[in-house]
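2 protein chains.
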Amino acid sequence: MSRKIGQKIWIGGTCPIRQVLDRFGDKWSILIIELLSHEGKLRFSEIAHTIGDISQKMLTVTLRSLESDGLVIRQFFPEIPPRVEYELSELGKSLVPHIQQLAAWGQTNMDTILENRKRFEEKQQSRTAY
Amino acid sequence: MSRKIGQKIWIGGTCPIRQVLDRFGDKWSILIIELLSHEGKLRFSEIAHTIGDISQKMLTVTLRSLESDGLVIRQFFPEIPPRVEYELSELGKSLVPHIQQLAAWGQTNMDTILENRKRFEEKQQSRTAY
DNA sequence: CTGCATCCCGAGTGATACTG
DNA sequence: CAGTATCACTCGGGATGCAG
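This is how it looks when you write it as structure tokens:
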């Protein structure tokens with residue numbers, strides 16, 4: 000049983016969902032992990048270019064945080080010009096299937112959600128129309 | 000094959016991961032869904048109390064958005080004082096297993112992540128110490 | 001009890017310029 | 001090429017007060 004609600008698993012950092020949300024709830028982490036899972040090993044500029052609308056700063060920050068948590072491996076080549084390659088660690092790879100489950104769910108159900116939302120808005124409008 | 004990166008699945012709203020992130024990347028949606036999946040049917044104040052540190056405003060806003068997207072069913076009882084009950088729709092329930100997968104992953108690996116992060120910080124400090 | 005409106009702060013994010 | 005540094009801003013979300 001995981002019903003220990005009286006013991007406050009819903010409050011604070013002990014709740015596993017909160018931990019996951021805390022770590023991956025930002026704008027880019029999940030997306031970068033998923034991208035690396037497809038492409039294997041990528042350079043900084045390749046990631047930036049593929050995602051398209053991420054700023055250099057946010058890419059740096061996000062990659063650094065992923066590296067610090069051991070989800071991504073960073074390999075630096077001190078050449079001229081410098082080259083850096085990123086790839087998923089085993090830990091990072093172990094997260095990928097779960098992300099893809101979510102993505103698949105989204106692909107199946109997001110249309111329904113958007114329809115629901117649209118109808119809900121219309122219903123609200125007709126209500127205030129009185 | 001889902002490798003159509005040249006076709007820009009990574010840019011804009013077409014990427015399923017972005018859609019999911021867009022919808023569920025906020026602070027409370029996932030947590031509320033998971034809570035309702037445990038408890039079945041809850042009143043507004045019960046949710047507020049169980050979560051503990053959510054403001055009334057954010058609970059209202061989040062529940063309203065979940066309702067609008069058809070993930071949660073809202074039942075209003077026009078009594079005095081009023082009573083409102085929330086429960087997951089079928090659509091909402093269909094998301095639960097995926098959330099629990101993520102939570103389980105977190106429970107297994109979050110300790111490792113936090114250790115990694117700690118060691119990374121220490122390594123950075125010793126570097127700037129020179 | 002439940003929910004809406006208003007005000008407001010600050011973390012997270014982006015734009016820009018600079019460095020090795 | 002791959003960052004770092006700085007500034008500016010948006011906007012998520014918290015506090016408070018009011019209403020049905």
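Keeping their order, the protein sequence lines are chains L and H. Position 116 of the first sequence, counted from 1, bears residue number 115 in numbering that gives the first Met the number 0, the numbering being contiguous throughout. Position 75 of the second sequence, counted from 1, bears residue number 74 in numbering that gives the first Met the number 0, the numbering being contiguous throughout. Even glycine gets a Cβ: it sits at the ideal position worked out from N, Cα and C.
Taking the C-beta atoms as reference points, L:THR107 is found no nearer than 8 Å to H:LEU90. With 16 or more neighbouring CB atoms inside 10 Å of its own CB, H:GLN18 falls in the buried class. If you check each beta-carbon in the region 40 to 72 of chain H against every beta-carbon of chain L, the ones closer than 7 Å belong to THR49, ILE50, GLY51, ASP52, SER67, ASP68, GLY69. Between the region 94 to 107 of chain L and the region 16 to 33 of chain H there are three or more inter-stretch CB-CB distances shorter than 8 Å, so the stretches are counted as touching. Closest by C-alpha distance to H:GLU120, out of L:SER88, L:VAL83, L:SER67, is L:SER67. Using a C-beta cut-off of 8 Å, the region 83 to 99 of chain H makes no contact with the region 59 to 79 of chain L, since fewer than three inter-stretch Cβ pairs fall below that distance.
Counting the other Cβ atoms within 10 Å of the Cβ of L:ILE79 gives fewer than 16, which makes it exposed. At a beta-carbon threshold of 9 Å, none of the residues of chain L lie near H:GLY91; the nearest stands roughly 10 Å away.
In terms of Cβ geometry, H:LEU65 and H:THR49 do not form a close pair [threshold 8 Å]. Around the CB of H:PRO15, 16 or more other CB atoms lie within 10 Å, so the residue is classed as buried. Taking the C-beta atoms as reference points, H:ILE46 is found no nearer than 8 Å to H:LEU94. Taking every protein chain shown into account, the CB of L:GLY39 has fewer than 16 other CB atoms within 10 angstroms, so this residue is exposed.
Non-local C-beta neighbours of L:VAL83 in its own chain, meaning closer than 8 Å and more than five positions away in sequence, comprise ARG42, PHE43, ARG73, GLN74, PHE75, PHE76, ordered along the chain.
For H:PHE75, no chain L residue has a C-beta closer than 7 Å to its own C-beta; the minimum C-beta separation is roughly 13 Å. The residue among H:LYS56, H:MET109, H:THR61, H:LYS92 with its C-alpha nearest the C-alpha of H:SER36 is H:LYS92. Using beta-carbon distances, L:THR13 does not count as an interface residue toward chain H, since no partner is under 8 Å. Counting every other CB atom within 10 Å of its CB across the protein chains shown gives L:SER28 a total of 16 or more, marking it as buried.
H:GLU86 is bridged by DSSP to H:LYS40, H:ILE72. Listed by position along chain H, the residues whose Cβ is nearer than 9 Å to that of L:LEU30 are TRP9, CYS14, ILE16, ARG17, LEU20. Using a Cβ distance threshold of 8 Å, H:GLY24 and L:GLY51 do not count as a contacting pair. Residue state for H:TRP9 is assigned as coil, using DSSP reduced to three classes. Taking the Cα positions, H:THR61 is about 24 Å away from L:HIS97.
Put simply, the CB of L:LEU34 is near chain H, with a gap under 8 Å to one of its CB atoms. The beta strand (DSSP E) runs lying completely inside the region 40 to 64 of chain H and spanning 3 residues or more are 40 to 42, given in chain order.
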